[in-house]
Structure formats: structure tokens, C-alpha cells
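I have placed the structure first, in the form of C-alpha cells, so that the comments after it can refer back to it.
There are 4 protein chains.
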Amino acid sequence: MSRIAFFADLMGTLFERHALGAPAPSRTPVEELCAALLSAPGEVSGVRLARDILSHYRAMGADERADFFRHLATELDLDADRVIAAATRYRDGGGPSALADLCREAEPRRQELLRRMNQAPGATEELVRMRLDLLRLLPEAPELAAIDADFQHLFSSWFNRGFLVLRHIDWRTPANILEKIIEYEAVHAINDWDDLQRRLRPSDRRCFAFFHPAMPEEPLIFVEVALCKGTPGSVQALLAEGRTPLAAADCDTAVFYSISNCQEGLRGISFGNSLIKQVVEELRRDLPALRRFVTLSPVPGLSRWLAGIAPDRPEAARLLAAGAAADPETMAPEVQTLRRLTAEYLLQARRPDGLPVDPVARFHLGNGALLHEIHALADVSANGFRQSCSAMVNYLYDLSQVETNTEGFLTGKVVAASKKVQSLLAQGSTTGRKS
Amino acid sequence: MSRIAFFADLMGTLFERHALGAPAPSRTPVEELCAALLSAPGEVSGVRLARDILSHYRAMGADERADFFRHLATELDLDADRVIAAATRYRDGGGPSALADLCREAEPRRQELLRRMNQAPGATEELVRMRLDLLRLLPEAPELAAIDADFQHLFSSWFNRGFLVLRHIDWRTPANILEKIIEYEAVHAINDWDDLQRRLRPSDRRCFAFFHPAMPEEPLIFVEVALCKGTPGSVQALLAEGRTPLAAADCDTAVFYSISNCQEGLRGISFGNSLIKQVVEELRRDLPALRRFVTLSPVPGLSRWLAGIAPDRPEAARLLAAGAAADPETMAPEVQTLRRLTAEYLLQARRPDGLPVDPVARFHLGNGALLHEIHALADVSANGFRQSCSAMVNYLYDLSQVETNTEGFLTGKVVAASKKVQSLLAQGSTTGRKS
Amino acid sequence: MSRIAFFADLMGTLFERHALGAPAPSRTPVEELCAALLSAPGEVSGVRLARDILSHYRAMGADERADFFRHLATELDLDADRVIAAATRYRDGGGPSALADLCREAEPRRQELLRRMNQAPGATEELVRMRLDLLRLLPEAPELAAIDADFQHLFSSWFNRGFLVLRHIDWRTPANILEKIIEYEAVHAINDWDDLQRRLRPSDRRCFAFFHPAMPEEPLIFVEVALCKGTPGSVQALLAEGRTPLAAADCDTAVFYSISNCQEGLRGISFGNSLIKQVVEELRRDLPALRRFVTLSPVPGLSRWLAGIAPDRPEAARLLAAGAAADPETMAPEVQTLRRLTAEYLLQARRPDGLPVDPVARFHLGNGALLHEIHALADVSANGFRQSCSAMVNYLYDLSQVETNTEGFLTGKVVAASKKVQSLLAQGSTTGRKS
Amino acid sequence: MSRIAFFADLMGTLFERHALGAPAPSRTPVEELCAALLSAPGEVSGVRLARDILSHYRAMGADERADFFRHLATELDLDADRVIAAATRYRDGGGPSALADLCREAEPRRQELLRRMNQAPGATEELVRMRLDLLRLLPEAPELAAIDADFQHLFSSWFNRGFLVLRHIDWRTPANILEKIIEYEAVHAINDWDDLQRRLRPSDRRCFAFFHPAMPEEPLIFVEVALCKGTPGSVQALLAEGRTPLAAADCDTAVFYSISNCQEGLRGISFGNSLIKQVVEELRRDLPALRRFVTLSPVPGLSRWLAGIAPDRPEAARLLAAGAAADPETMAPEVQTLRRLTAEYLLQARRPDGLPVDPVARFHLGNGALLHEIHALADVSANGFRQSCSAMVNYLYDLSQVETNTEGFLTGKVVAASKKVQSLLAQGSTTGRKS
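Protein chains in written order, with the numbering used here: chain A, 4 to 438; chain B, 4 to 438; chain C, 4 to 438; chain D, 4 to 438.
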């Protein structure tokens, strides 16, 4: 591309004069461009250089990308000695200007590079994909983790909650967005456009997503909602093909039955909590008859935990055997045992840090939800039987309680649970267990 | 407000348990809220706390605000000793995790606080205003400069070129935006709605502004453009009331006659260069007949410079005297002298760092523009006579030259100028000056 | 214009072959174009001919326009003999095809011409203006009234209620729409943009307009609304400059204090009734606390009526004298008399057809409103004193009563009035009058 | 429904007083509502009555709908005697007021009813469906044709070209619109969403539709366009799954390969001509490299015509036999014969009125297109072989010629054809035929 040639040329002259030190003879064109972008005064020529770097990057193979990341990791790092020197000056009374020096020195130069690359049109999306490449490299190249910290730092700032936009997703949404909903659905797969339509079009269904203004065609996270009378105990019933939709105004319960993160490249930047709470507020405003906001959530770690205790607990072994049959009739006699052991799992199985073993539980309880109800035969798909012997759970979002619950969960490791769930456990303790 | 009472309460319990150290008895409610927001895990309850802090801030008087900033400066600073320790660990081979520690330690905690405050709806705009309060305090409280560095760092990231949206401003623009154009115009004041209409409605006028998605009703910067045949040499002619508009398609020259920054709270975050270049591209696409993109710019430092040299240079003294009359006829005989001295001023009057004394010149030349033409009797308003004896200047934006020009200006301190302007100087050297 | 030359040419060939009869030698170019447009098969070349006719029309002076209308009136009329023949065939059992012939014959050909002219972009607006030209000609050229019936027939169909769009007008509305609000306000003049802002921006003000999709920048009619606590009795109080706005949610009364038709060219196509009712529904949905929807209306015919009865009724003469002073203090002692006579005027002064003399009363009562309250010193402007001695009136819109009221008004000539207003009259009968 | 009860009640009182004559005892509720709507003064209560009539109509079965239409046909007709009387008065010098009477008398009262029904929200769409019901009834109830004339008259006015909006249809279009594109495609069926995506998403595909503002989610007609280099001769090649899209800017030819009317209820209101011409203008503006605008059209009547001449023309019989094999290899030797006979069919096979037998030819030639090229093996689907032995045709739209062509076609019955097509025929005359 002649534009790159032009820049290669330009660089020649430019770098001799600039205080960048002699360019290493081994520098690749993209490394030259990065150096130029970092040395460009202010915003001058930034957009053009940024665009060129991104177009170089797109054309790279896997090995070149790894090299590029290594370049960022080593050549565009901070200099610890200069940080120490600056920090010492500041500690010794250097005042604001010493602090400014320190802050500048303590930021790896690649951070500024990424910020400048973001000036190009469409760059934000490309940088999110670039980080995804990096995440996939990390297992074999753990030394690149440092770069990931920079991505994460920048993305936290750019994808700040205050910049996100909540949008309704429905059957009037542009098709290019909808196809991404199909693609990104992570909990209960959407098979095709007809399936999608069943989730978006009926009067008792809702879907909401967060978007960022710089990536207007890429949802960041979305939640699917079913409006119901009463709390449903089965996801298959919820998604059944033939069902008759309810009038939204008649419903008293909103069920969050699927929450999917869309951008792997934004891993670690969490949107779910904000999304749920904003959707609760939105639904409450539109549909004043709604009284209850619950999830219908999987219990992904249950079977694994049952397998762990099965040697000592015959009822766990029985459950696993029934689950393996993947057949509701086989499970039917064990329904009560399943509910009881699920309660035990969620309330008592803890990680070393004292928080529950179950990741979905950690997410919702950390958000301030309460463990509201446990259902057997609630997910009778092959996967449902496999991961949790068909059990599913409702977490309840009561906005007036979420702060207290969060506080209790994070500091006291308290799992907020309804009386009903607690009594399951009690029942278990007295009748079902012999330990 | 009872919500604050609730939090005060919450804080009680919360802070005892949290590792925040004992809350100083003297902490104000807003300081408590800040501590709570910083200690809130992830996004939990952030929006609510952020909103409360901002509403507290809004209610504060000037003294309380100064206290609040002092709190940010002292209590929410970084700890230089911890930075040194972390930097030492990293230097000594601590790897990515040591780097992560270092980056965290080296960021003043108030930065994270500001990021979290930004989660509240409308917060970005309020934070920009908050920084404006700070900027106004700085002259008397220079120790707060450290905070300003944090604001500037965050704003650079948030108001990244990649996030800005260019919008046409015309007579179809909502009135609430237009009234801000009237308010923010900084170069040639807009007197009222009729005056505004004369700048926006005619077929040969354009206006463009940058907006940020989180502040959709607040322009960040805007530029007013006149489409002309040939390069105009008088702003009064450009803005005359009775003139007959040209058909846009017939024009060959676009004149940027006014560029105004709108948000004082974003001082130091520069948008002008990007705006001009994007507007050039936009206009070129819409109106292929356009051949020339120039400014019609003031020369704000000219009279001051003339006063400086007047003791040695009788022609400078003559010009100042004619300027003081603020009357075109008086100035008429000096027109050639005025043009020549303006050329000398712009090409030769330099700051210690070698760049031109004139701030407008520094801006456009730094953007890569070329000094194209100098006009006498070009701004015959009282202000025009006062600041530059009525002289104005065209800077030419030729996108194919801007990078070279910028490079030459910044590294070689070269002022790119047309032959015509250079010859003015030559003429001056030989005939007009005796030194 | 060469395109017209082209058509003139085309016409030559075209008309010889077409069954249009020999073109009269005196036909003007625009008449030729009209003939061509009418003879064009289907939509073929219609847009182009329509555009040409409209551009011809725009260029015409007043006399040419009158000639053009005369051409429509005489040459493009229906043929009564053919109508009679077709009607006879249909009466005598000709069936659907005879009916189709009849309908075609009974429609003046200019109607189809106008329909075809409407194919050109922007034509609807131009046809509305064309009718306005016609309306202004009618007083001197009553024979053209026949054309006006065709315009009215078409406009009734095109501007059918089902095609209109209700839009909020506020301070975020584009300036080109707002300047039309200033221009078209017919009841209480809007002096400038500041005055406009006072009517649109405060939290307790609303404005709504009907638009037609083919004229998206031209309001058809708009209503200005003040939200109040209680029913106001003075328009000056409502529009006062210094007042403190109320929170909309606290208001219990919506006051329609100004309704303006914008398009004189749509005279006779009435939108006001629909507008008021749709705005009532809109406001009720948004602001459930609203309990009362009233107008604050002028009484334009009062002074004239008082003058008529003054010879026999000394109190009427007194009122007129006090009104002539145009001074609240002079009127103060007569307040009760003024209210009583206003009640008498509105309830008892009738036209030969039995409906009230007052045109504003006819409008609102015909819409189903009820005469709710009468205020003295309610419009203390010069105009207010002149037309109604400062009296104004509230008409109440209670949607559950409007149909009954309309029915009663139109068939039984009943003026629906509150007890309070009726008692004014009673009071008058017994105490204030001696007849 | 109680609202209807309310009206039934209201009607009781209302009709006694109104000059509607005694209501026939047999009137159904919806007939009462129609009478009420027609008698309602101005717009009063119209919306409500209109809504009720439409909701009644929706609930009707087929027989009731037929009764409803019969009611419109007989009870709400015009009165021929009154028309004759009015026409006579006008002929005898009655002037504008006599003309107004005549116009009113000569319009069947159901027309005003339909206009008033259109005031209800969403009514336009329902009236279009109502006419579709009527069209389906017509074959068995030809006496209802009179009503259809009224529908057609109103729809011509409402769906005037000037009110239609052209919209791009692409992969960003809302899904609820796209599913209608799938449903309404009438030429080359769209199998599913993937197929749709292949027609909308590639850089060398376009789709445009007309919409009416009162039916914003219902396309009226749409055209699918392929951008090509050169004129394509096969629809299968155009729609092939694996093909590599071209850059739009490189294409020189736009091919209209499918035009579908969407609303059967708008039969007889023609949009296709306007659509094609406006799309040509739109494409020309966006893609200046486009030089040629052609269709790739079916020849639906070809096989039928071949069958008619086969007894006398052995080559026609041969073609039909090859076509019946529905196999390209079998057809290959006959390619030249097929092209020749297609030319003969399109140029020479005429209806009694002198216009071509082929309906697609009549449409495009009537629009002013020219028969540009004939392709064998151009549609090798089963249907393609069946209806036209695989032949397809390009009609060329040259906007500078369309008016002349239309004129020649409609008045002189001239089929505009390229030299190439004409030479096919000549070749046929001399070598292929023996007559």
C-alpha cells in the first residue's frame, strides 16, 4: 500500500531528527508506525497513523500478532527506575509537577499508544478484537499478561457505565443486530430466526441490551425476559413453541431467563449487574403491575459437587444416576432430594475464600439478589440433566434489599435465601442426612 | 435527604468491617460517600452513590468545594512509598503481577473515584463542570494542580477522538443546541437569533460541531464556514447583513472564519485540529468544486508586538497611531506597511522555544496549515483595530501538505508561508526597514 | 427553460395524435402542460410534467394566476349533459359500469389534474399555497368558487385525520419549525425567541402540533398548554415573565390558552377538535395527576353585542364605557356585571340558526366542551378590553361528556354550562335586570 | 363490548332526532354505527365510531362481511335521480353552488363513510385489507364492483405518488419489515433468512421499497437490484450462493431482477413505474460509474404462445419438447431458435388492442423501456423451463428515452427494441421460417 510506503519514507527523515533514539534496524513497519504515532505531537496525523497500524494488524498472521504483542510488552513498557526516581522526588516534596512526572512515568507507553490508535474510525471495535487475540495467546505466553492489564485499564474507562446505552431488542430491531443476538446467546441456544422470533415478538417477552456509542452495531450484553403470572419453574415451559402469550399488563413477575455477555474481548469488564438493575427499573416503569423480578438460572456446578460427595452420600449417588438417564420419569421420585441437595450446595458449598462454589450464585448473590426458590425438573434438556440433574433456581431481585444483601454477602459471606429454601435445608439436616 | 441518612447509617456498619481504617471523626458526609463508592465492590451500588455525591457537590458553596478538592488532593492521593516498593519489585523481576501492582499503586485513588462517579446518569457533564470549578480555584490554590492532572488524564481518555461525533449545525438544528452556539461563539459574537440565522441558513454557509455521546446537548467545539468564490479579505464583508448568498456548488473556497471551544472544563483536551481536518474531508465530499480551504483568522498579538518595537521602528508607531483612530480612511495609506509588518511578526517574532509568538499562528501552523495571505482592513471593528490594526490572515489547509508542514514546524520551527507572504517580507527587508 | 421547450415540442406531435381534439391556438404553455399531464397514461412522465406546471405557476404574476384558475374553471370542468346521460343509464339499470362512468363524468377534470400535480416532490405544500391564492381571488371572482370546492374535496381526503401526526413542540424542536410557531401564533402574539422560550421551556408548559407527512416542516395547527394548580382566570398571569414554573407532576389542570391554525390554504379543513382531544389523551397518559382540561378563551363578540343592547340596557353601556378606559381599576366595580352579561351573551345570544353568536363558543361547544367559568379582568391587554371588556372564559373538556354535549348542542342547540355559570344568569334575571 | 352497547343506546335517541328517517328495524349494529358516523357533524366523535366499525368488521365472518358490503352497495349508494336534478340545475346556469350540489350528489355516500373510517389509528391498513376481502368476493358477487370503484378512487388519492416514501432495504432494516420482503417476493422466491441475506448484504446488491406514512411497516412494492459488470444473462448466476461480490463502485450495470407488489388490496394502484425511475435516479447519484439500467425479466407467456403456433411451426414444437425436459443440455442446441422465437413473440404477438401479448413486456414497454437483449438458458429452474423454455429478457431503462418510447408504444404500438434483438427477428425471417 503506497500510503504505508509514504510513511516508511517519512519515518526515515522523521526519526533521525526526533529524539526517539536511533531506530533499531530490526524494527518492522508496524513498529515504526507505532513509534511515529507515539511521537506525533498532540492529535496531529494521529488518525492516519492509527488507521495504518490497524490495517497492518488486520493483515497479520498469528505469529506476527504474537510478535506485535511482544513488542508492546517489552519496548513500550514503563521504566521502573524512572518510576522510582519520580516517586522519590514526589515523596520528598516535589509537588504537583513531580506527581505529574510520576503518573506519566508509571504508565506503560503502550497505554498511550492504544489510546491514540482509538482515534481511527471504528478503532474501538478493533481494539476489543485485538485484546481477544491477546487473551487467546495468554495461556502459552503468560508474560503478555502485562499488556492485558493495560487493555483492561483502558476498557474500564471507555466502557464506563455512564457511557453505555440501554436499548430494547425486539422484532423491530435491525436484522444485523438480531443476528448477533442469535450468535451470542450463551445460555439457551437460539436455533434460528423462528426461534428468535418466539423470544422477541410475543406480548409477554422482552429483551434488553447495552451498547456503546462507538460500537453501535455490537451488543455488549443482553438479557432475555419472560413476563409471567407467578414464578415459573421450568425453562422448557417458558420456551415452548405452542404456548399462548399473556398480555403484558396482566403479568406480575418478570423472569430473567438468559443473560449473555457478547464481547469476549471485554472479559473482566462487567456489565451484568448494571443491566439487570436498569432493566428492573425500566420494566417497573412500563408495567406497574409487575411485583417480582426473578431469574430462572442454571446451577452449573451441581453435578460436579454431587460427584464429589457421592462416595459418602448415597442420595447424591442416586441423583447422579437418575440424572444420567436424562429422563424426567426416572428423576421424578428424587425431586425432593434434588431440591434439598441443591439447597445444601448453594448455601453450604464454599470456596476457600468463603464464597459459594457455584459461579452463577456468586454473580447474582454478589449483585444483591436472594436465593428465592429451587426447582427440580426445571431444565430437562440433555445439558440440564448433565450439569444439574435438571435443577434450576430463581434468584430474586428486590431493589430495596440489594445493597444490604451485597454487603452481607461480600463482607459476611451470607447467602441471602428465602424461608422456603432455608427450610429445605433444615428438612435435609434432620431427615435426609445421617452425618 | 433520607437516602443520605440511610447511607450514613450503612457507612457506620460498613466501615467498621471494611479494611478502610477507622473513619476519621471529621469526615464530612460527602467524604463518607466517596469512601463508600471507592470501597464498593465492582459496580455494586455505584450508580446510587455516584448520584448522591454529585447531588451533594451541586449543593456545595465555593468553600465547601475547595474543601472537597483538598480532600481529593490529600486523602485520595497515591502513596509514593508504596509506588517505590512496587516499582522495585517489578524492576527486580516481579513480572506481570508486580507491574499490575505498580500501575494500581501509581494511580491516585481519586482517579478511580472520578471514574466511578461517572456511572451516574448525566455525570460526564457534571464532572466537566466540576473541573471548571477546579480550574478557577487553581490560581489561588496551586497545590490542587495535581487533581487537575487526573481530570485531564481521564478526559483525554473519555473524549478520545474516536468517541466524538461530527454533526452539521444548521437552521434545522434543535433550538437548545443553537442557543449554545450563540452563547459559545468566541471569535465574532452572535448578537441574536437573526444574526445566528444569517450564519446558518444561507446556501453558502456551513457550521459543524463535535459532540460526545454522553453529552448530546453540549457542543464541544464548532467551526463556522463561509463558502466563497476566491479568498475573502474582510470578515465584515463575509458577515454583512444584506449580501446575496451564492449557490454552494459554484463556490471554490471554504473559509473557516470562526472556531470556538465550548467547554472550558475541557481545557487542554484539544479538538480543533481534528475538527478542521474532518470538516475539510466532509466538505470536499459534498462539494467537489471546492479547491481551497482557508481560515480568515485574527492576529491577536500584533498590536502588542508593534508596541514593543515602536521605539525603534517609526513605521510601527505610525501603524499604532492609525489603528488607534479605528477608522479605515486613516489606515488606508498604511495598508502596505501593515501587511509587511504582519508578515514580519508572524514569520520572525518568536518565543524562547523558537515557535511564533502569535497563539493563533501556533495553532494553525502546528496543525500543518500554511500562512497563505495577509489582509489589511480586514477586521474594521473596534476590536479588530485594537488588537491588530485591522489585519487578518488566511491560513491554508492543504491536506496533502499538513503532515510535512507540521513536522517542519515542530521540529525545524519552520513557518510555512506562501511566496506572496514571503515576498512581503523581502520587500520589507529591502525597502521598508533601515535596520 | 429548455425542458419546457422540449415539452412544447413534444406537445406538437403528441396532441395531433391524441384524442384531445385540436388544441386551441390560444393555449398557453402551462395549459398545454396541463393537457399533457391529464392525457398521460397512468403515472408515465407524470412527475416531470407536474414539476413543470408547478414551476410555471410559481413564475406567474397575479393576472396570469387568475387566468390559470379561469382555465381550470371553464376548460377542465365536468360536462353536465354527459353527467345526466350517465346518471340516466345508471338509474335505468346500467349496473357497476354505468356507475363508474357516472362517477368519472361527475368529477371535474381539474380534480384529476390536481391529483396528478401532487406527484411532484413538495407539491402538496405548493398546492396548499395555490389554494390560498385562489381564496384571495374569490371575493372579486366568485365564479372561481367551483374550483375551490375541488381543492377542498381533495384536501379533505389528503389531510384526513388518519394521516396526521401529532408532535410535541418544545425547546428541542428544530429552529425552522419554531420560527413558524412564532409566525403562526394567532391568539397571543409571540414577540421574539425569548418569549417563545417562556412558552415552551418551563416544566409547566406544553405545546403540540399536527403535521402531515408530505409537509414535514409545516405545522398545520398547534395548541399551547399551561399546566396549573386550579383554573386560572387571567392570561396575563399565565404569561407573566417572572413567574416560577411548577413541577408538571404537581399540576391538576391543563389550560389550552392558544390554538392557532397555520395554513390559510387549508381553510375549511378543520383539525382543532381532533387536536384538543388527542392532546387531552396524551397529557392524561403522561401526567396522571391532571384532573381538569380547560381552555382560557377570548369572547370576541362580546363588546359588539353589548353595543347592540346598550340602548336598552344601561349596565351594558356602563360596561362599554369602563372597557373603553382599558384600565383594570375602572372596570373593577363592574366585575360582577361583566360576568353576568357575558353569561347572558354566551347562553342566550343566538344566530338565526339557533347557535350562539360567539364564534369561539360555537367551536368549543360544537366540540362537546362545557362553558365552565367566566372571568372578568382576565385579558387586560388593549385588545382584551376592546373586544370583551377584559372578560375571558373557560371551556371544559370532559371526554366522557363530549359526545352527549355535541349532540345536545347540534340538535337541541343546548349550551352546556356549569351550575356556576348558570347561576350567574339566574342572578342576573332576578337582581340585575329590570325588564 | 360495553362501548358498543353505549353507542347502541346513543343511537336510539340520536336517530329519532336526526333527519335520517326512521331506522329500519333490520339494521345491524355496524350499520347503525355507519349511519352514526356519516351523520356525525364534522370530525366530532368520528375517531371513536370509526374504531368501533373497524373492530366490528374484524370480528365478522365471511357471510357477515358480504352482507356489510351489500349494505354499502345498496344503502349507501348515490341517488341517480338527485344527480340528474342537480346536473340539470348546473347545466341551466346554477353556478358554483349547483356544481357543489352536483358533486356531492354524484359521490356514493359510502365514499365519505370510508374517508371517515380512515380517521381511526391504523385504519388505512385495515381498509386496504377490507378491499382485499371485497376483491375476493367479486367473482361471485359482481354487483359489488361498484364499491370497488370507490375504494380504488380513494386509494388513488391517498396513495398518490407524492405521499410515498422511498426507503433502502438492507441488512440493517428492522426484522419485521424484512420478513415481509420474504413473504411478498413474487418473482424469485426467497427461501429463508440466509437467502434474504444473500440478496441484501453483499456490496453489489440493493433493494428499495415504497412505503406510505400511514402504513410504515408495510412495504407497498419493492425492487431487488444486482450491480454487475456487463449485462447478465442468467438469473441463477445472479443468485448463486458461492459468488464473490463486486465492489459497487466498479459496476457499470444495475439489474432490476425482481419487482414485487406487496398489497393485493391496492390492486390497480400502480407504483412500479415510479419506483423504477426513482431508483434509477437514486443509484445514478450514489454510483456515478453506473452506465446501464436493465431488468432481467421473465417471459411468462412464451410457452403458451409456442404451444399455439406449434401445429404450424415445427421449431416451436421442438422448443417445447426441449423445454419439457427441463434440462440445459437438451436445450443447448436450440438456443438460437429460442432467442429468435422469443423475439418474434415479443415483437409480433399482439392482443386485439395492438399491444403485446406478454404482460411483463406491456409493463416495461409502457414505462418507456426498450427490449434490449434476449437470453436462452437464463432461467433454468423448473418454472423457467415451463413458462419460457428458460428464456429471459433485458429491458433497458434510458431515462432520456422513456417518454418518447412510452408515447410510441401507447399511441403507435411500437415495441422499442435494440438492433441486436431486431436482427434476431430478421435472421428468423430469412433462414428459420418458410412461410
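A virtual CB, placed ideally from N, CA and C, is assigned to each residue, including glycine.
On a predicted model such as this, the values are computed, not experimentally measured, just so you know.
At a cut-off of 8 Å between beta-carbon atoms, Ala178 (chain D) makes contact with chain A.
Under the Cβ criterion of 8 Å, His156 (chain B) is counted among the residues facing chain A. DSSP places His215 (chain D) in no alpha helix (DSSP H); its state is neither H nor E.
Under the Cβ criterion of 8 Å, Trp308 (chain A) is not counted among the residues facing chain D. The Cβ-Cβ distance between Ser263 (chain C) and Phe225 (chain C) falls below 8 Å. Residue contact check for Arg175 (chain B) against chain C: a CB pair falls below 8 Å. Within chain A, Trp196 have C-beta atoms less than 7 Å from the C-beta of Trp196 (chain D), given in sequence order. If you draw a straight line from the Cα of Asp104 (chain A) to the Cα of Arg94 (chain A), it is about 12 Å long. Exposure of Gly64 (chain C) is indicated by the presence of fewer than 16 other C-beta atoms within 10 angstroms of its C-beta.
Against chain D, the CB of Leu181 (chain A) has a partner CB under 8 Å away; the residue lies at that interface. For Ser42 (chain D), the closest alpha carbon among the candidates D:Arg112, D:Leu167, D:Arg61, D:Pro177 is that of D:Arg112. Straight through space, the alpha carbons of Arg342 (chain A) and Tyr348 (chain A) are spaced by roughly 10 Å. Listed in chain order, the alpha helix (DSSP H) runs fully inside the stretch 47-91 of chain B are 49-62, 65-77, counting runs of at least 4 residues. Taking C-alpha positions only, Arg294 (chain B) is separated from His378 (chain B) by approximately 20 Å. In the DSSP assignment, Thr256 (chain D) falls within the beta strand (DSSP E) that extends over 256-264. Within the DSSP bridge table, the entry for Pro336 (chain B) names no partner. Taking 8 Å as the threshold, the shortest C-beta distance from Thr91 (chain C) to chain D falls below it.
Pro222 (chain B) sits close to Ile180 (chain B), with the two beta carbons spaced by under 8 Å.
At least one C-beta of chain A is nearer than 8 Å to the C-beta of Asn121 (chain B). Annotation for Phe154 (chain C): the continuous alpha helix (DSSP H) segment containing it runs 148-161.
Using a CB distance cut-off of 8 Å, Asp70 (chain C) does not count as an interface residue toward chain D.
Sequence-distant partners of Met395 (chain C) (beyond 5 residues in either direction) whose C-beta falls short of 7 Å from its own C-beta, in its chain, are Val238, Leu299, Ser300, Pro301, Val302, His378, Ala381, Asp382. A distance of 8 Å or more separates the beta carbons of Ala149 (chain C) and Ala89 (chain C). Contact between Leu102 (chain D) and Ala152 (chain C) holds: their C-beta atoms lie close to 7 Å from each other, under 8 Å.
By the Cβ test, the stretch 308-327 of chain A is not in contact with the stretch 243-258 of chain A, since fewer than three Cβ pairs between them sit closer than 8 Å. Here Ile172 (chain C) is not near Ile185 (chain C), since their CB atoms are 8 Å or more apart. Around Leu249 (chain B), the same chain offers Asp207 as residues with beta carbons nearer than 6 Å, after the five sequence neighbours per side are excluded. Interface residue (Cβ-Cβ distance to chain C less than 8 Å): Gly165 (chain D) is classified as such. In the DSSP annotation of this structure, the continuous segment of the alpha helix (DSSP H) that includes Arg112 (chain C) starts and ends at 112-120. In the structure shown, the three-state DSSP call for His191 (chain C) is coil. Nearest CB-CB separation between Thr127 (chain A) and chain B: below the 8 Å threshold.
By the criterion of at least three beta-carbon pairs nearer than 8 Å, the stretch 400-413 of chain B is in contact with the stretch 270-284 of chain B. Look at Ile87 (chain A): its C-beta is under 8 Å from a C-beta on chain B. Proximity of chain B to Val50 (chain A) at the Cβ level (cut-off 8 Å) is accounted for by Arg164, Ser277, Lys280, in chain order. Arg202 (chain B) and Arg139 (chain A) have their alpha carbons spaced roughly 54 Å apart. By the criterion of at least three beta-carbon pairs nearer than 8 Å, the stretch 413-429 of chain D is in contact with the stretch 349-358 of chain D.
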